[in-house]
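Residue numbers (full-length UniProt numbering): 1 to 112. For each residue, glycine too, the CB sits at the ideal point set by N, CA and C. In this text, all values refer to a predicted model and were calculated from it rather than measured experimentally.
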């Protein structure tokens with residue numbers, strides 16, 4: 001487990017695809033995003049789901065991925081879960097899990 005002050009996952013990412021909804025749903029309130037800070041905490045919003053995340057860099061099979069837990073709200077209801085992202089240039093793909101609920105593939109693109 002690594003908490004690194006200098007890593008390639010930091011920045012603001014545009015959520016461009018999720019299995020749980022189309023672009024209209026994802027951008028319902030704001031353009032869907034996920035932000036990762038240097039301390040590997042962050043925030044996100046898509047649809048009516050918004051929250052904070054706490055992450056770690058994990059290495060398995062020679063690849064470093066960003067693992068995170070998250071908590072927040074779906075409309076006014078508390079919700080939490082976990083997820084991971086694997087970087088490929090300015091794109092990252094992974095899964096976003098809702099505790100005791102659904103999960104979804106997620107694709108994000110780095111905003112410049």
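Outcome for residue 9 when other beta-carbon atoms lying within 10 angstroms are tallied against a minimum of 16: In the chain shown, counting from the first residue as 1, residue 9 sits at position 9. Answer is buried; the Cβ neighbour count reaches 16.
Cβ-Cβ distance between residue 196 and residue 111 below 9 angstroms: Past the edges of the chain, shown from 1 to 112, lies residue 196, and the structure says nothing about it.
Assumed close pair residue 46, residue 23 - CB separation to whole angstroms, cut-off 8 angstroms: As a working note, residue 46 is residue 46 in the chain shown. As a working note, residue 23 is residue 23 in the chain shown. Contact doesn't hold; Cβ gap of about 10 angstroms is too wide.
Distance, residue 85 Cα to residue 61 Cα: The residue you call residue 61 lines up with position 61 of the chain shown. The residue you call residue 85 lines up with position 85 of the chain shown. Roughly 15 angstroms between the two C-alpha positions.
Residue closest to residue 64, alpha-carbon to alpha-carbon, out of 49, 71, 77, 89: Indexing the chain shown from 1 puts residue 64 at position 64. Cα-wise, what sits closest to residue 64 is 89.
Exposure of residue 42, with buried meaning 16 or more beta-carbon neighbours within 10 Å: Residue numbering aside, residue 42 sits at position 42 when the chain shown is read from its first letter. Per the 10 Å Cβ criterion, buried.
Cβ neighbours of residue 36 in the same chain (closer than 6 angstroms, five flanking residues each side left out): Position 36 of the chain shown holds residue 36. Only 9, 10, 42 meet the Cβ criterion.
Reduced DSSP secondary structure (H/G/I, E/B, other) of residue 71: Locating residue 71 in the chain shown gives position 71, counting from the first residue. The answer is strand: DSSP assigns residue 71 an E or B state.
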